[in-house]
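Numbering of the sequence shown is given in the working numbering, commencing with residue 26 and proceeding in unit increments. Where is the CB? At the ideal position from N, CA and C, for every residue including glycine.
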Amino acid sequence: AVCNSKPTPCKDPPDKLFTVHGLWPSNLNGPHPENCTNATVNSHRLKNIQAQLKIIWPNVLDRTNHVGFWNKQWIKHGSCGYPAIMNDTHYFQTVINMYITQKQNVSEILSKAKIEPLGIQRPLVHIENAIRNSINNKKPKFKCQKNSGV
């Protein structure tokens, strides 16, 4: 979806799986907080988890600069997660844990429901129901390219 929505298309063909775009702290009483500190990612601490992050949270617009993308996500969103998110490493490890350990791998969830990323339109309610059935009936948040319910 990101590759199709940008004026400059992605350099590489998209993977045939749904990937993470971000993890955003939530504020139930207002807009999502952003840019809470200017602390940058310590790329040395990320070395042990970079291989996993490249698969589940790639920079699909520039596959040569994953760390730069993750740094922007950390500064804009992750830095606002304190005290639940202690630091940059904890932020990225939380994403990995959600994706792998807590069974929030959207590709796997949708595949089990026979919904594959084949470039065909699907009713949004089918996707929502498949996800809800896998994550304790919690409602996922969607951002569609076109607001047509498909």
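### Runs of alpha helix (DSSP H) lying entirely within the stretch 51 to 111, each at least 4 residues, in chain order
68 to 71, 75 to 81, 91 to 101
### Task
Using a threshold of 8 Å, state whether the C-beta atoms of residue 96 and residue 65 are closer than that.
yes
### Query
Going by the C-beta, is residue 82 closer than 7 Å to any heavy atom of the ligand GDP?
Ligands are entirely absent from the displayed structure, and the ligand GDP is therefore not among its contents.
#### Entry: Among 85, 60, 138, 91, the one whose alpha carbon lies nearest that of residue 74
91
#### Entry: Contact the stretch 94 to 109 vs the stretch 45 to 52: 3+ CB pairs below 8 Å
yes
### Message
Beta-carbon within less than 8 Å of residue 153's beta-carbon, same chain only, minus the 5 sequence neighbours each way: which residues are those?
### Response
164, 165, 167
#### Entry: Cβ shell of residue 119 (< 7 Å), same chain only, five flanking positions each side left out
48, 110
### Query
Quick one: is residue 150 buried, meaning 16 or more other Cβ sit within 10 Å of its Cβ, or exposed?
exposed
### Task
Using a threshold of 8 Å, state whether the C-beta atoms of residue 81 and residue 116 are closer than that.
no
### Query
What did DSSP end up calling residue 119 once you bin it into helix, strand or coil?
helix
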